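The next block holds one structure in the form of structure tokens; read it before the comments.
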Amino acid sequence: MKALHLALVALGGSLLGAATPCVAGNPVATSSITVVVSQLASTESAVKLYFYNLRESFLQPKQYAFVKVVRPGGQDRITLPVDLANGDWAVAITQDTNNNDRLDKNMMGIPTEPFAFSNNVRPRFAPPDFDDCKFTVSGPGKVVSIVLKP
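Heads up: the sequence shown begins at 3 in our numbering, then just goes up one per residue.
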């Protein structure tokens with residue numbers, strides 16, 4: 003029964019986005035940060051921000067801590083306030099310019115739609131590592147600025 007309860011709590015947290023996690027009944031400290039994504043390829047197409055806080059799950063299918071989908075509403079940049087648990091985080095971003103709800107890739111697996119990573123990491127021949135993209139959340143006011151790669 004306890005395992006079922008924990009599974010339901012975990013599922014509920016993933017559905018609610020950046021829910022406040024608990025460790026042994028104590029809430030983990032969270033901080034409000036701002037993510038700014040500039041140079042959007044489209045002022046109308048959805049921008050997806052995938053948040054990761056575990057090295058092992060970085061860029062693994064559906065292994066992100068949570069995802070936020072934002073419509074730019076005619077703007078060429080988005081500003082997104084987010085509450086994150088203190089610690090190391092990395093963000094992967096895509097923009098679905100053809101609105102088919104997936105990241106399109108060529109025959110070699112290279113994205114054909116705009117993408118970016120925190121710390122503005124620009125991979126050349128392989129996906130980046132968590133350590134290259136990570137930033138540390140340790141208090142309020144942090145701004146993470148990311149330029150979308152066309």
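Even for Gly, the Cβ is constructed at its ideal location relative to N, Cα and C.
Please read these numbers as outputs of a predicted model, since none were measured by experiment.
Whole-number beta carbon distance between residue j and residue i, since they are thought to touch under 8 Å
i: Asn108; j: Thr114; result: 5 Å
i: Ala94; j: Phe119; result: 6 Å
i: Tyr54; j: Ala87; result: The Cβ separation is near 12 Å, so there is no contact.
i: Leu82; j: Thr138; result: Leu82 to Thr138, Cβ: 18 Å. No contact.
Where the alpha helix (DSSP H) containing residue i begins and where it ends
i: Phe132; result: 132-135
Residues that residue i bridges to, as DSSP identifies them
i: Gly76; result: Bridge partners of Gly76: none, in fact.
i: Gln92; result: Just to set this straight, residue 92 is Ala in the shown sequence, not Gln. According to DSSP, which records beta bridges pairwise, Ala92 is partnered with Tyr54.
i: Pro113; result: Lys107
Residue of the options minimising C-alpha distance to residue i
i: Leu56; options: Ile148, Gln65, Phe119; result: Gln65
i: Leu150; options: Thr96, Thr45, Pro74; result: Thr96
i: Val71; options: Tyr52, Pro129, Ser44; result: Tyr52
i: Ser117; options: Ala48, Thr32, Val30; result: Per the sequence shown, the amino acid found at residue 117 is Phe instead of Ser. Out of Ala48, Thr32, Val30, Ala48 has the C-alpha closest to the C-alpha of Phe117.
i: Ile112; options: Asn101, Asn121, Arg126; result: Arg126
i: Val146; options: Asp103, Ser140, Asn121, Pro152; result: Asn121
i: Val30; options: Asp133, Phe60, Pro130, Ser140; result: Ser140
Delimiting residues of the beta strand (DSSP E) encompassing residue i
i: Thr32; result: 32-40
i: Ser147; result: 145-149
Touching by the beta-carbon criterion (3+ pairs, under 8 Å), the segment 69-87 and the segment 33-46:
Output reads yes: the segment 33-46 touches the segment 69-87.
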